[in-house]
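So the sequence shown is numbered by my numbering: it starts at 1 and just counts up by one. Read the structure below first, then the notes.
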Amino acid sequence: MSTSPQRLLIQNARLFIPNRTGLMGWLLAESGLIRAMGFGNTPDFSHEASIKSLDAQGDNLLPGFIDLHVHGAMGHEVMDASPSGLEEMARFYASHGVTSFLATTWTASRPSIMKALQLIKQMQGQIRSGATLLGAHLEGPYLNPDRCGAQDVNFIRRAEKEEALEFLETGVIRLLALAPEYDENSWLIDECVRRGIRVSAAHTTAAYEQMLKAAEHGVGHLTHSFNAMQGLGHRELGTVGAAMTLPQISCELIADNIHVHPAAQKILVDVKSPAGVILVTDAIRAAGLPDGEYMLDERSIHIQNGAVRLSDGTLAGSVLTMERALQNVCTATGRSLAELWMMSSLNAARAIGVSSCKGSLEVGKDADLILLDESFNINLTIVNGEIVFSKLN
Ligand SMILES: [Zn+2]
1 MSTSPQRLLI QNARLFIPNR TGLMGWLLAE SGLIRAMGFG NTPDFSHEAS
51 IKSLDAQGDN LLPGFIDLHV HGAMGHEVMD ASPSGLEEMA RFYASHGVTS
101 FLATTWTASR PSIMKALQLI KQMQGQIRSG ATLLGAHLEG PYLNPDRCGA
151 QDVNFIRRAE KEEALEFLET GVIRLLALAP EYDENSWLID ECVRRGIRVS
201 AAHTTAAYEQ MLKAAEHGVG HLTHSFNAMQ GLGHRELGTV GAAMTLPQIS
251 CELIADNIHV HPAAQKILVD VKSPAGVILV TDAIRAAGLP DGEYMLDERS
301 IHIQNGAVRL SDGTLAGSVL TMERALQNVC TATGRSLAEL WMMSSLNAAR
351 AIGVSSCKGS LEVGKDADLI LLDESFNINL TIVNGEIVFS KLN
């Protein structure tokens, strides 16, 4: 059903590719894949039929963003289990440079979670005029009520086999976030590792030693670092301190300057290196909507100046978009886009095992591409070789 040409040539772009970034060049996409690219002048493709040529006007050409942790946008949320809602979300994300995402559930009843997972299963793949739905990120319900944040404490529970296996059997979960300190949850870590599902420590009281144990078990990821966990202390290193010392743990970061102070963002990136940090939005249904009052589930939330809070002041996700996250973390760390681009794409692709086809500009990978101008605005989003968003004329 695609109306885009078979071949798409992007010229006059600054290419961000592994080990060699920031040089001007060109890229040719064909049949949804990156077919060729190079620095300098574009070779003569004029003899090739049906080639559409785009002038990037010097914009940065990056791999499309991959958001592993996102709940909603434009008034919709994954937990609504609405097909049109999920489509609208995928289009909104694409307009902010996201080419792939994991639809993220939260703590709720078993039927609500199953309903959401079943819809994700039904809609997996590229969503018309939007980003690709790569699968599900199950955030909760197996969390610690003492660090629930905005997760509904009434539904937080331990991992019970019959229920959790029903979730896993949908086959769509690529990332599962739980509190690793409970013995009742440890079988689920093993089960996920066996199935190739990334396990994340989330909404947890796990202290340093408990995190070391969890990592030995196979926990390889940390959900929204610093938030809903033990902070870093010099005697009690806490959850964050453990993740900082464990190279196998990839750290999610909500770089909205609200969830994490810019200086803490810098500390995390400096310690983990850019390869160890993954930008996520954790955006909820109010993303893309103006400030005001909205409903989260049965609870109301208040959005003001980019901060989303429950009535008691608890942060409840964000209205962040990926291009702003990337801009914020560049500013916070004083590092360049050339150093940090992988935090919005490649690291996420690696974490969930899709880096053989996504996450970087390499010949043979999916043509998931964005043009980002020097003020970090998205001018073009291409998903599987198809233009889904464009501000170019
Ligand atoms: Zn959370």
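Idealized CB from N, CA, C, for every residue including glycine. All values derive from a computational prediction rather than experimental measurement.
- In this structure, DSSP gives residue 258 a state outside helix and strand, which the three-state scheme calls coil.
- Spatial neighbours of residue 392 in its own chain (CB-CB distance under 7 Å, excluding positions within 5 residues in sequence) are listed in chain order as 54, 379, 380.
- Of the heavy atoms belonging to ligand 1, at least one sits nearer than 7 Å to the Cβ of residue 203.
- The three-state secondary structure of residue 239, taken from DSSP, is helix.
- Closest in alpha carbon position to residue 348, among 100, 77, 80, 29, is 100.
- In the displayed model, residue 194 falls within a helix according to three-state DSSP.
- Shortest gap from the CB of residue 259 to any heavy atom of ligand 1: 7 Å or more.
- Just measuring C-alpha positions, the residue of 288, 220, 340, 373 sitting nearest residue 77 is 288.
- Fully enclosed beta strand (DSSP E) runs of no fewer than 3 residues occupy 51-55, 60-63, 65-70, 98-105 of the segment 48-135, in order along the chain.
- Closer than 7 Å to some heavy atom of ligand 1: that does not describe the Cβ of residue 239.
- Residue environment for residue 251: buried (at least 16 other C-beta atoms within 10 angstroms of its C-beta).
- Taking a cut-off of 8 Å on C-beta distances, the segment 136-150 touches the segment 302-322, as three or more cross pairs fall below it.
- Relative to residue 106, the option among 312, 357, 223 whose CA is nearest is 223.
- By the beta-carbon neighbour count (other beta carbons within 10 angstroms, threshold 16), residue 354 is buried.
- As computed with DSSP, residue 24 is found in a beta bridge with 14.
- Taking 7 Å as the cut-off, the C-beta of residue 220 does not count as close to any heavy atom of ligand 1.
- Between the segment 108-123 and the segment 369-377, the count of C-beta pairs closer than 8 Å stays below three; the two stretches do not touch.
- Nearest C-alpha to residue 61 among 299, 258, 360: 360.
- Proximity of the segment 200-213 to the segment 225-232 meets the contact definition, three or more beta-carbon pairs being nearer than 8 Å.
- Within the model, the alpha-carbon separation for residue 310 versus residue 304 is close to 11 Å.
- The segment 28-42 makes no contact with the segment 65-76: fewer than 3 CB pairs, one atom from each, lie closer than 8 Å.
- Secondary structure of residue 373 (DSSP, three-state): coil.
- Judged by DSSP secondary structure, residue 379 falls within the beta strand (DSSP E) whose first and last residues are 378-383.
- Using a cutoff of 7 Å, the CB of residue 228 counts as near ligand 1, since one of the ligand's heavy atoms is closer than that.
- Note on residue 161: under 16 other CB atoms within 10 angstroms of its CB, so exposed under the neighbour-count rule.
- Residues of the same chain with a CB within less than 6 Å of the CB of residue 307, apart from the 5 flanking positions on each side, are 258 in chain order.
- Between the alpha carbons of residue 274 and residue 22 lies a distance of about 17 Å.
- Here DSSP, grouped into helix, strand and coil, assigns residue 183 to helix.
- If the five residues before and after residue 6 are omitted, its C-beta is found closer than 7 Å to the C-beta atoms of 30, 31, 50, all from its own chain and listed in chain order.
- Taking residue 139 as reference, the option from 74, 221, 87 with the minimal CA-CA separation is 221.
- Inclusion of residue 255 and residue 248 in the CB contact set at 8 Å is not warranted, their separation being larger than that value.
- Counting along the chain, residue 208 sits inside no beta strand (DSSP E); it lies in the alpha helix (DSSP H) bounded by residues 208-217.
- The Cβ neighbour count for residue 276, taken over all protein chains shown within 10 Å, is at least 16; the residue is labelled buried.
- Residue 293 has its CB no nearer than 7 Å to any heavy atom of ligand 1.
- Looking at the DSSP output, residue 366 shares a beta bridge with 33.
- Residue environment analysis places residue 165 among the exposed positions, since fewer than 16 neighbouring C-beta atoms fall within 10 angstroms of its C-beta.
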